[in-house]
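Below is one structure, written out as structure tokens; the observations come after it.
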Amino acid sequence: MAVFVTVQATGSDFVIDRPSFIAWTSPGQPNTTPLWVLNNPTTTDIVYLISTNGITPILPGFAPVAIINYVYPTQICGSVPLYAAAGPSDHWYTTNLIEHEELLGFSGWTDDGIAAYVLPLDGASFLIE
Numbered sequence: 828m829a830v831f832v833t834v835q836a837t838g839s840d841f842v843i844d845r846p847s848f849i850a851w852t853s854p855g856q857p858n859t860t861p862l863w864v865l866n867n868p869t870t871t872d873i874v875y876l877i878s879t880n881g882i883t884p885i886l887p888g889f890a891p892v893a894i895i896n897y898v899y900p901t902q903i904c905g906s907v908p909l910y911a912a913a914g915p916s917d918h919w920y921t922t923n924l925i926e927h928e929e930l931l932g933f934s935g936w937t938d939d940g941i942a943a944y945v946l947p948l949d950g951a952s953f954l955i956e
């Protein structure tokens, strides 16, 4: 198991986000599925998608980069939803429903549903740019 922490580049600066959730770094944990990172090479946008059928997920305009963790496709074992929202140039992932709903109140943000189910850390969220 590993705590998921993203490292992001903002121009020439790096921003290290706080720990976001707990997931597995290798396959084999019962009932888990790969969590893929995909990027859009034109816009540098990044998204996270799961693969429940063993096939690399496809999203128009995005290319698969790698499997970064293993998560649950359904809510089991004390897992919580990892909510996803899409903005004009960013994606936001959080386990906090209130935070998710507040973000959707801002212009340009849309609900991308539940990306996966993860083991929680209180107040966990992260921004993908």
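Read in order, the letters of the sequence shown correspond to residues 828 to 956 in the working numbering.
Just so it is clear, CB atoms sit at the ideal spot from N, CA and C, and this is done for glycine as well.
Residue i versus the options, residue with shortest Cα-Cα distance
{"i": "residue 911", "options": "905, 850, 901 and 923", "result": "923"}
{"i": "residue 917", "options": "938, 903, 902 and 858", "result": "938"}
{"i": "residue 890", "options": "871, 930 and 948", "result": "871"}
{"i": "residue 855", "options": "887, 931, 898 and 847", "result": "898"}
{"i": "residue 866", "options": "886, 942, 928 and 880", "result": "886"}
{"i": "residue 900", "options": "874, 942 and 919", "result": "942"}
{"i": "residue 913", "options": "873, 853 and 879", "result": "873"}
{"i": "residue 909", "options": "888, 875, 851 and 868", "result": "875"}
{"i": "residue 868", "options": "920, 884 and 888", "result": "888"}
Cβ pair residue i, residue j closer than 8 Å
{"i": "residue 806", "j": "residue 935", "result": "Any property of residue 806 remains undetermined from this structure, which presents the chain solely from 828 to 956."}
{"i": "residue 907", "j": "residue 944", "result": "yes"}
{"i": "residue 849", "j": "residue 946", "result": "yes"}
{"i": "residue 930", "j": "residue 847", "result": "no"}
Residue i burial status per 10 Å Cβ neighbour count (16 or more: buried)
{"i": "residue 925", "result": "exposed"}
{"i": "residue 862", "result": "buried"}
{"i": "residue 896", "result": "buried"}
{"i": "residue 877", "result": "buried"}
{"i": "residue 860", "result": "buried"}
{"i": "residue 950", "result": "With a pLDDT of only 49 at residue 950, under 50, the local geometry of the prediction cannot be trusted, and the value read off the model is given with reservation. The residue is exposed, with fewer than 16 neighbouring Cβ atoms inside 10 Å."}
{"i": "residue 921", "result": "buried"}
Three-way DSSP call (helix, strand, coil) for residue i in this model
{"i": "residue 925", "result": "helix"}
{"i": "residue 930", "result": "helix"}
{"i": "residue 889", "result": "coil"}
{"i": "residue 840", "result": "Because residue 840 sits at a pLDDT of 40, beneath the cut-off of 50, its placement in the model cannot be relied upon, and the following sentence gives the value as read from the coordinates. Reduced to three states, the DSSP call for residue 840 is strand."}
{"i": "residue 936", "result": "coil"}
{"i": "residue 866", "result": "strand"}
{"i": "residue 860", "result": "strand"}
{"i": "residue 882", "result": "coil"}
{"i": "residue 854", "result": "coil"}
{"i": "residue 895", "result": "strand"}
Proximity test, Cβ basis, 8 Å: residue i and chain D
{"i": "residue 873", "result": "Among the chains of the structure shown, chain D does not appear; only one protein chain is present."}
Whole-Å CB distance - residue i paired with residue j, under 8 Å assumed
{"i": "residue 903", "j": "residue 858", "result": "6 Å"}
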